[in-house]
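Participant:
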Amino acid sequence: MNKIELIKAERDGLEIKNELQRFAEEGWESISEDNIQRLKWYGLFLRNPTPGFFMLRVRIPNGFSFSYQVRVLGYIAQTYGNGEIDITTRQQVQLRNLKIENIPNIFNQLEEVGLTTSQTGMDNVRNIMGCPVSGLSPKEKVDSYLLVKMLNEHIVGNPEFSNLPRKFNITLSGCPDDCVHAETQDLALVPAVQEKSGKSVYGFNILLGGKLGSGGYRIATPLDVFLCPEDVVEVCSALILLYRDHGSRDVRNKNRLAFLVEDWGEKKFRSALEERVGRPLTPAGVDLRGNEKSEHIGAYRQKQAFMNYVGLKIPVGRIRAEKLKGLAQLAEKYGNGEIRFSHSNSLVIPNVSDQKLGDMLEESLIKEFTYNPSSILRGLVSCVGSDYCNLAAIETKSMALKVAEQLEGKLPDTMPINMHWSGCPAGCGNHLVADIGLLGKKMRRGNKVIEAVDIYMGGRTGIDPKLAVKVMEDVPCDQLAQVLEFVVPYHTREKMHPIKGKKYYRRRESPMPVQTQKRIQNNILEEIKTSY
Ligand code: HEM
Ligand code: SF4
């Protein structure tokens, strides 16, 4: 058994909550290494770069929150933390520099406003993602938020789900714009339609076994199952429990659901699921995902008459608590107090009436976190980097902002481009599914160790997903903006992905022939050389 399995076998991770008061009284140094791991069941991560200080991850199902919750998050960050809040690409928030002595108090304050940190780390079902404009978008086929909420309530705090072989990512969206990276999730429900007795029934198809990160990239496999909304909680739960009971618990970088799917194959998995739910499942319906993508940044009409939502970019997802509280106030003044965190380091203020929209867009905070960012800033995403993450090779967030600023104005503003940064191969910044993916590393220049990146290009999610391809290695961060100026014009999907007719790529398989990769790399290098 690996070390984490031993820790779990000794005691369920959820039980650590009973010891929080004691830890608070005795201080962080009294907490054993095993218990430091168990604290991750409650989103508490002791960060090595800041000894004695914890990062706290708060679960926000579907990214949906209210102004009163945001105000408490802001208060906690200001009173007990460093005053900053990170909005993550799983639509949750992270607070930093918290001391264990304040945690019981902080947990009480979160609970009072209906927030929990439960099962946001380790081998649990992580925050369930969904479209941030669910219930608002005229394109949506099934309003999925309620289903996310029900599934979340069934899982969180339930010991049946608190000892999985590894983390488990779920996304559920009823909208054709696949904004939540369905193909990279362990379990994704994507919109679909079935004809039943001459009527169109809208529901979901199941995709299974997607993953990103250091153990390899795998695009989720369709399971040939259609789910009506009323079956979602039952079938998804059964599927997670299949993984709990049959997933490998050996080497941790081979434990994700993807490996069980590879091992069993789709057919065996499907019949095991039918056996578990005790009835035959309906074959997949027509997949309703389209080719369009949206970060939901901008001012858009809702399906409700005379109503609008406004999506704001929070550059690299980091915001001062007082500013977030300011935005919560605007959500109350102009909307209904809702604030929705999105997957793309942004947030959405919904339910703004036509009469109020003009005034809202004039507010200085709305101009600061703009609803109309440049194309470079719009698609910019970054993991946390070496400020707080001990695995990081480089500082990603500030570097991402700096490079974006240097590039702004140098590239045509019309070209939509996603630029994603990960500080190490764990790939938390999703660099492998971005137009431009940047993976941090250290390199030598003379006798100095400097920060650098490998550049990946041409990744994308959606109905025809593509794995990004490494086109350049060892580019020093201080020269990156100049290099990208030349690389970005090469970002056309046709150039990056000349292979036709192949839809799903298996783990570790390169989507582009090596020769084509080399040709692109040489072209870029040639252009850079001739222009200096
Ligand atoms: C061995 C693999 C991995 C390790 C060790 C790892 C580690 C970490 C750590 C330490 C953090 C928190 C850093 C901080 O904010 O202080 C983090 C956050 C995060 N990671 Fe990873 N990670 C791994 C794989 C992945 C993968 C494959 C993804 C998906 C693409 C991912 C997505 C995220 C996200 C979205 C966050 C932000 C918090 C959240 O909303 O869950 N990670 N990861
Ligand atoms: S990608 Fe690496 S550096 Fe970035 S948050 Fe994940 S583990 Fe840390």
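For the record, in the sequence shown the residue sitting at position 108 is 107 according to numbering that gives the first Met the number 0, with numbers rising by one throughout.
Built from N, CA and C at the ideal position, the CB exists for glycine as well.
His-425: beta carbon under 7 Å from a heavy atom of the ligand HEM?
Facilitator: Numbered from its first residue, the sequence shown carries residue 425 at position 426. The amino acid occupying residue 425 in the given sequence is Ala; His does not appear at that position. The answer is yes for Ala-425.
Participant: Hey, quick one: how far does the alpha helix (DSSP H) through Ile-69 stretch, first residue to last?
Facilitator: What you label residue 69 is simply residue 70 of the sequence shown in a count that begins at 1. Reading off the sequence, residue 69 comes out as Val, not Ile. Note, Val-69: alpha helix (DSSP H), 66-79.
Participant: Any contact of the stretch 97-114 with the stretch 132-145, i.e. 3+ C-beta pairs under 8 Å?
Facilitator: The stretch 97-114 is not in contact with the stretch 132-145.
Participant: Any idea what DSSP makes of Ala-271, helix, strand or coil?
Facilitator: Residue numbering aside, residue 271 sits at position 272 when the sequence shown is read from its first letter. Here Ala-271 sits in helix by DSSP.
Participant: Do you know how far the Cα of Gly-284 is from the Cα of Ser-196?
Facilitator: For the purposes of this step, residue 196 is taken as residue 197 along the sequence shown, with counting starting at 1. For the purposes of this step, residue 284 is taken as residue 285 along the sequence shown, with counting starting at 1. Cα-Cα distance, rounded: 14 Å.
Participant: CB-CB under 6 Å to Lys-502, same chain, minus the five flanking residues each way: which ones, in chain order?
Facilitator: Locating residue 502 in the sequence shown gives position 503, where the first residue counts as 1. Because the pLDDT at Lys-502 is just 35, under 50, the model does not fix this residue reliably, and the point stays unresolved.
Participant: Measuring straight from C-alpha to C-alpha, what distance separates Ala-392 and Lys-440?
Facilitator: Taking the first residue of the sequence shown as 1, we reach residue 392 at position 393. Taking the first residue of the sequence shown as 1, we reach residue 440 at position 441. In a straight line, the C-alpha of Ala-392 is about 5 Å away from that of Lys-440.
Participant: So, with DSSP's three-state summary, where would you put Ile-3?
Facilitator: The residue you call residue 3 lines up with position 4 of the sequence shown. It is helical.
Participant: Nearest-angstrom Cα distance between Tyr-216 and Ile-35?
Facilitator: Here the question's residue 216 lines up with position 217 in the sequence shown. Here the question's residue 35 lines up with position 36 in the sequence shown. Answer to the nearest angstrom: the Cα atoms are 29 Å apart.
Participant: Tell me which same chain residues have a C-beta within less than 7 Å of the C-beta of Cys-427, skipping the five on either side of it?
Facilitator: Within the sequence shown, the letter at position 428 stands for residue 427. The answer, listed in chain order, is Cys-382, Ser-421.
Participant: If you reduce the DSSP assignment to three classes, tell me which class Ser-374 lands in.
Facilitator: On the sequence shown, position 375 is the one that residue 374 refers to. The answer is helix: DSSP assigns Ser-374 an H, G or I state.
Participant: Let me know the secondary structure DSSP gives Ser-236 once reduced to three states.
Facilitator: By one-based count along the sequence shown, residue 236 stands at place 237. Ser-236 falls in the helix class under three-state DSSP.
Participant: Give the list of continuous beta strand (DSSP E) stretches no shorter than 3 residues that lie fully inside the stretch 292-352.
Facilitator: Listed in chain order, they are 297-300, 306-312, 317-319, 337-340, 345-352.
Participant: Which residues does DSSP list as the beta-bridge partners of Gly-202?
Facilitator: In the sequence shown, the residue the question calls residue 202 occupies position 203. Per DSSP, Ala-191.
Participant: Measuring alpha carbon to alpha carbon, tell me which residue in Gly-325, Lys-396, Phe-160 is nearest Phe-368.
Facilitator: The residue you call residue 368 lines up with position 369 of the sequence shown. Answer by Cα proximity: Gly-325.
Participant: Where does the unbroken beta strand (DSSP E) through Asp-223 begin, and where does it stop?
Facilitator: Start at 1 with the first residue of the sequence shown, and residue 223 comes out as number 224. Here the beta strand (DSSP E) through Asp-223 covers 220-226.
Participant: To the nearest angstrom, how far is it from the Cα of Arg-251 to the Cα of Ile-435?
Facilitator: On the sequence shown, residue 251 is found 252 positions in, with the first residue counted as 1. On the sequence shown, residue 435 is found 436 positions in, with the first residue counted as 1. Going by the C-alpha atoms only, they are around 29 Å apart.
Participant: Quickly, what does DSSP pair Thr-170 with across the bridge? List them, please.
Facilitator: Counting from one through the sequence shown, the residue named residue 170 turns up at place 171. DSSP output for Thr-170 lists Met-128, Ala-187 as bridge partner(s).
Participant: Which residues does DSSP list as the beta-bridge partners of Met-471?
Facilitator: Residue mapping note: residue 471 aligns to position 472 of the sequence shown, counting from 1. Partner(s): Ile-454.
Participant: Name the one or two DSSP bridge partners that Trp-548 has.
Facilitator: The shown model of the chain, from 0 to 531, leaves out residue 548, and the question about it has no answer.
Participant: Helix, strand or coil for Gly-209? Go by DSSP, reduced to three states.
Facilitator: The residue you call residue 209 lines up with position 210 of the sequence shown. Of the three classes helix, strand and coil, the one that applies to Gly-209 here is coil, per DSSP.
Participant: Mapping the DSSP letters down to three states, classify Val-285 as helix, strand or coil.
Facilitator: Along the sequence shown, one-based indexing puts residue 285 at 286. Strand at Val-285.
Participant: What residue range is occupied by the uninterrupted beta strand (DSSP E) comprising His-419?
Facilitator: Translated into positions along the sequence shown, residue 419 becomes position 420. Residues 418-421.
Participant: On a Cα-Cα basis, can you pick out the residue from Pro-415, Gly-408, Leu-376 that is closest to Met-398?
Facilitator: Within the sequence shown, residue 398 is the residue found at index 399, counting from 1. Checked all of Pro-415, Gly-408, Leu-376; the closest Cα to Met-398 is Leu-376.
Participant: Pairing CB atoms from the stretch 80-96 with CB atoms from the stretch 352-361, are three or more of them under 8 Å?
Facilitator: Too few Cβ pairs lie closer than 8 Å, so no.
Participant: DSSP on Lys-501, reduced to helix/strand/coil?
Facilitator: Counting from 1 along the sequence shown, the entry for residue 501 is found at position 502. With a pLDDT of only 36 at Lys-501, under 50, the local geometry of the prediction cannot be trusted, and no value is derived from it.
Participant: Expressed to the nearest angstrom, what Euclidean distance is found between the alpha-carbon atoms of Leu-145 and Cys-476?
Facilitator: Stepping through the sequence shown from its first residue, residue 145 is reached at position 146. Stepping through the sequence shown from its first residue, residue 476 is reached at position 477. About 44 Å.
Participant: With DSSP collapsed to three states, give me the class of Glu-83.
Facilitator: Numbered from 1 along the sequence shown, position 84 holds the residue referred to as residue 83. The answer is strand: DSSP assigns Glu-83 an E or B state.
Participant: Note the first and the last residue of the continuous beta strand (DSSP E) segment covering Phe-44.
Facilitator: The sequence position of residue 44 within the sequence shown is 45, counting from 1. Where Phe-44 is concerned, the enclosing beta strand (DSSP E) stretches over 43-45.
Participant: Using a threshold of 7 Å, is the CB atom of Gly-384 nearer than that to any non-hydrogen atom of the ligand SF4?
Facilitator: Working through the sequence shown from its first residue, we reach residue 384 at position 385. Flag set: Cβ of Gly-384 near the ligand SF4.
Participant: Per DSSP, which residues does Leu-97 bridge with? Please list them.
Facilitator: Here the question's residue 97 lines up with position 98 in the sequence shown. Answer by DSSP bridge pairing, in chain order: Phe-53.
Participant: Can you list, in chain order, the residues of its chain with a C-beta nearer than 6 Å to that of Tyr-299? Leave out the 5 residues immediately preceding and following it.
Facilitator: Here residue 299 corresponds to residue number 300 of the sequence shown, with the count starting at 1. The residues are Tyr-308.
Participant: By how many angstroms is the C-alpha of Ala-257 removed from the C-alpha of Gln-184?
Facilitator: Here residue 184 refers to the residue found at position 185 when the sequence shown is read from its first residue. Here residue 257 refers to the residue found at position 258 when the sequence shown is read from its first residue. Their backbone Cα atoms lie some 9 Å apart in a straight line.
Participant: Using beta-carbon positions only, say whether Val-200 and Val-192 come within less than 8 Å of one another.
Facilitator: By 1-based counting over the sequence shown, the position of residue 200 is 201. By 1-based counting over the sequence shown, the position of residue 192 is 193. Cβ atoms of Val-200 and Val-192: closer than 8 Å.
Participant: Looking at the structure shown, is Gly-62 part of a helix, part of a strand, or coil, going by DSSP?
Facilitator: Working through the sequence shown from its first residue, we reach residue 62 at position 63. Here Gly-62 sits in helix by DSSP.
Participant: Among the residues of its own chain, which have a CB less than 6 Å from the CB of Arg-506, if the five just before and after it don't count?
Facilitator: By 1-based counting over the sequence shown, the position of residue 506 is 507. Any answer about Arg-506 is weak, because its pLDDT of 30 lies below 50 and its placement is not dependable; what the coordinates show is given next. Contacts found: Gly-215, Arg-217.
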